[in-house]
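Protein chains: 2
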Amino acid sequence: MTKPRLADVARAAGVSTATASMALNDTGGTRIGAETRDRVRAAAAELGYRPNTVARGLRTRRTQMIGFIGDDVATTPFAGQMIRGAHDAAREAGFLLLMIDTSGDPAETGEAIAALQERQIDGILLATMYHQVIEVPKGIGSTPHVLLDARTADGSASSVVPDERGGTLGVLAELTGAGHTRIGHLTTAEDVEARAIRLATWRERLEANGIDHRDLLVEVEHALTLDGYEGAMRMLRKEDRPTAVFCYNDRMAMGVYRAAAELGLSIPGDLSIVSYDDQELIAPELFPGLTSAALPHYEMGRWAVRELLRRLDDPDAAPVQHLMPCPTARRTSVAAPR
Amino acid sequence: MTKPRLADVARAAGVSTATASMALNDTGGTRIGAETRDRVRAAAAELGYRPNTVARGLRTRRTQMIGFIGDDVATTPFAGQMIRGAHDAAREAGFLLLMIDTSGDPAETGEAIAALQERQIDGILLATMYHQVIEVPKGIGSTPHVLLDARTADGSASSVVPDERGGTLGVLAELTGAGHTRIGHLTTAEDVEARAIRLATWRERLEANGIDHRDLLVEVEHALTLDGYEGAMRMLRKEDRPTAVFCYNDRMAMGVYRAAAELGLSIPGDLSIVSYDDQELIAPELFPGLTSAALPHYEMGRWAVRELLRRLDDPDAAPVQHLMPCPTARRTSVAAPR
DNA sequence: CCGCGTTAGTTAATCGATTAACCATCGGAA
DNA sequence: TTCCGATGGTTAATCGATTAACTAACGCGG
């Protein structure tokens, strides 16, 4: 009662393995008669035949596996959604994901690429957990690849990143729509792509509305709750405090909530807050719920796989840089200014 | 400039592919001379030879890949640590993880097992995201497997689950050590293994200390923040409220914090709180930091892979059921009762 | 000097598919 | 009648390793 091979199916159907192979895969054009094909299929179903993809892969050089290289799969809560999006899109096309976590070590990345290539994966997804500009390791050679939440400086590789500008405009529109003009921005000093775009977009909007933004910006060291708390204390203790804050991310917003509570400011009555990331255990769980621009990790994962599959079909296709929209998750942290 | 094959290495070293294979893999006992072996190795290094594991897998029936089937990789924040633990242990042994997420659909699980077996994975990790008792699908056949955060009723498969009893005793000891006797328990109505053990252990401890626990238990529908809030309101509004609460999990504890704030109870001055899970974005970020029993997901992931590798070496090894300790993450939510 | 064990290789089979190249039969057009 | 193009297959090569079975040369004891 060993696992049936193609030869067993062929014997049961009374044909050669070549015929069986063509019948099951619908290859070989007109060579296989309809009746024969049905007979082979029936035999395969009867025996519970499942092709050995290792053998197939050796011959065809395609393994129906995609390598996913992430720089920190576990420690960031976003990773899950990104992996899931990639996983689902891959699965729908009959592919499986082979995962490697490099814990952010660039040397690891080269090793990871080699380990995946040894296994003859059909393509590679290179993911970073925060929107970044990176260089694709040379070792990747001619293996098809797509960047996820990252892009190259020269646009030589297909990539998908969040539309940070659009997302920022979205949440700022919530505030201006409610009547706010003096909108503070609380950001981090960390030098990441996301920070730069969110900051620039905020500046641009305030300038467009003729608001002096110089004293409305507070920058703290890290993008964490505690830093957010301290930054908010600095921003909100002033007499001419803003009526609304746009936070770099949800964790910092969490700190702003605490600061507001300590200062006796009610949200959204005394202070409206919007933020970025729409992070699972934070934005919806805060009280009141935090309006935040959602990072579309699931959709980016899906897009990346579909783009990779496209490049598998047509290796010479021109690389595409995609901006994925960041929809506003509207909750109750915004109201008209008093 | 195509990828070098073993035959290229062999030619460069002036030997047969058989010799080259044996030299590189240190197989074949004494048949390969030291000098020849070094020559082959040098040639391989020179050419940058990397074995084609697909071809190797076809012959040896081992692919150096482990299947990881999870029932909800993305939506639970624990998954990441579990995957990471498994990933790291696998990587150390030269294995890679092939991931499939079933989104909790049992029919998917069968499909997932088949998809992995087609690819000749060496073994399977079956993970659930909450400690459960499950049945191993028959389709797994003789493929070596280990259960992660789950176990079978009959102990027929190796498995690793958190030591819920030990973890509960640990956080309760924090409370009794500080002098608390009337310790409330806030739990969920969901029927999961973890709930039952945590509840039973809490009862047992209170009984051992001669405390009447009948009016100290509050059960709510779900294990979410809002339910925790409502449950806490019920428990804490009473005159003879407990001086400390043991929450089923951190999300519920988050609700308790909010309730305490509304009722004007300071933590830990008026109310000490301990909990379970030590969830990343919650326990350390709450103010004051929440003392919580940590679910050792990373370590469970590691253990499962090591156990799987052991079973690969010795398929007849007796299955092992392992309880992984849940260390107490001690923070500042506990103080002596007033 | 014969036979045998050791040492150090080689040759060829094998894993389980896919696919290029080849072949037989039949009906109809030239 | 003969040749040709479909139609419907089969045979055998191939993918790139591993490994069982075989072999050649050598040294040594009896």
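So the sequence lines, in the order shown, correspond to chains E and H.
Using the UniProt record's numbering, read the first sequence as starting at 1 and increasing by one per residue.
Using the UniProt record's numbering, read the second sequence as starting at 1 and increasing by one per residue.
Think of the CB as a built atom: it goes at the ideal place given N, C-alpha and C, for glycine as much as any other residue.
- Among the CB atoms of chain H, none fall inside 7 angstroms of the CB of residue 20/E.
- In chain H, no part has a C-beta under 9 angstroms from the C-beta of residue 299/E; the shortest such distance is about 13 angstroms.
- Within the stretch 71 to 142 of chain E, the complete alpha helix (DSSP H) runs of at least 4 residues fall at 79 to 92 and 106 to 118.
- DSSP places residue 27/H in the coil class of the three-state scheme, outside both helix and strand.
- According to DSSP, residue 162/H shares a beta bridge with 324/H.
- Between residue 331/H and residue 295/E, the alpha-carbon positions lie close to 31 angstroms from each other.
- Against chain H, a Cβ distance below 8 angstroms from residue 309/E picks out nothing, because the smallest value is about 17 angstroms.
- About 41 angstroms separates the beta carbon of residue 125/H from that of residue 271/H, a gap too long to meet the 8 angstroms contact definition.
- Under the Cβ criterion of 7 angstroms, residue 111/H is not counted among the residues facing chain E.
- Annotation: residue 332/E has no Cβ neighbours in chain H at a cutoff of 7 angstroms; minimum Cβ distance is about 14 angstroms.
- Within chain E, no residue has its beta carbon less than 7 angstroms from that of residue 126/H; the closest one is some 16 angstroms off.
- Residues of the stretch 228 to 240 of chain E that bring their beta carbon within less than 7 angstroms of a beta carbon in chain H are absent altogether.
- For residue 57/E, the chain H residues whose Cβ falls inside 7 angstroms of its Cβ are 54, in order along the chain.
- Per DSSP, reduced to three states, the secondary structure at residue 227/E is helical.
- Beta-bridge pairing by DSSP links residue 276/H to 293/H.
- Straight-line measurement puts the Cα of residue 91/H at about 20 angstroms from the Cα of residue 60/H.
- Taking the Cβ atoms as the reference, residue 89/H lies roughly 6 angstroms from residue 306/H, within the contact range of under 8 angstroms.
- In the DSSP assignment, residue 244/E falls within the beta strand (DSSP E) that extends over 244 to 247.
- Residues of chain H with a Cβ closer than 8 angstroms to the Cβ of residue 285/E are, in chain order, 225, 251 and 254.
- Residue 51/E and residue 322/E have their C-alpha atoms spaced approximately 36 angstroms apart.
- Sorting 6/H, 72/H and 27/H by C-alpha distance to the C-alpha of residue 45/H places 6/H at the top.
- For residue 258/H, no beta strand (DSSP E) run applies; the uninterrupted alpha helix (DSSP H) run containing it begins and ends at 250 to 263, by DSSP.
- Spatial neighbours of residue 158/E in its own chain (CB-CB distance under 6 angstroms, excluding positions within 5 residues in sequence) are listed in chain order as 146, 307, 319 and 320.
- Non-local beta-carbon contacts of residue 197/H in its own chain, meaning distances under 6 angstroms to residues more than five positions away in sequence, involve 164 and 165 in chain order.
- From the beta-carbon of residue 282/E, the residues of chain H found nearer than 8 angstroms are 281.
- Residue 315/E and residue 144/E have their C-alpha atoms some 7 angstroms from each other.
- The beta carbon of residue 325/H sits closer than 7 angstroms to those of 163, 166 and 296, all from its chain and outside the five residues before and after it, given in chain order.
- Annotation: the continuous beta strand (DSSP E) that includes residue 184/H extends over 183 to 188.
- Contact between the stretch 240 to 250 of chain E and the stretch 270 to 284 of chain E is present: three or more C-beta pairs spanning the two stretches fall below 8 angstroms.
- Here residue 217/E carries a strand assignment [DSSP, helix/strand/coil].
- DSSP places residue 150/H inside the beta strand (DSSP E), whose first and last residues are 145 to 151.
- Here DSSP, grouped into helix, strand and coil, assigns residue 197/H to helix.
- In the structure shown, the three-state DSSP call for residue 318/H is coil.
- Judged by beta-carbon spacing, residue 97/H lies beyond the 7 angstroms limit of residue 300/E, meaning their Cβ atoms are not closer than that value.
- Under the Cβ criterion of 7 angstroms, residue 118/E is counted among the residues facing chain H.
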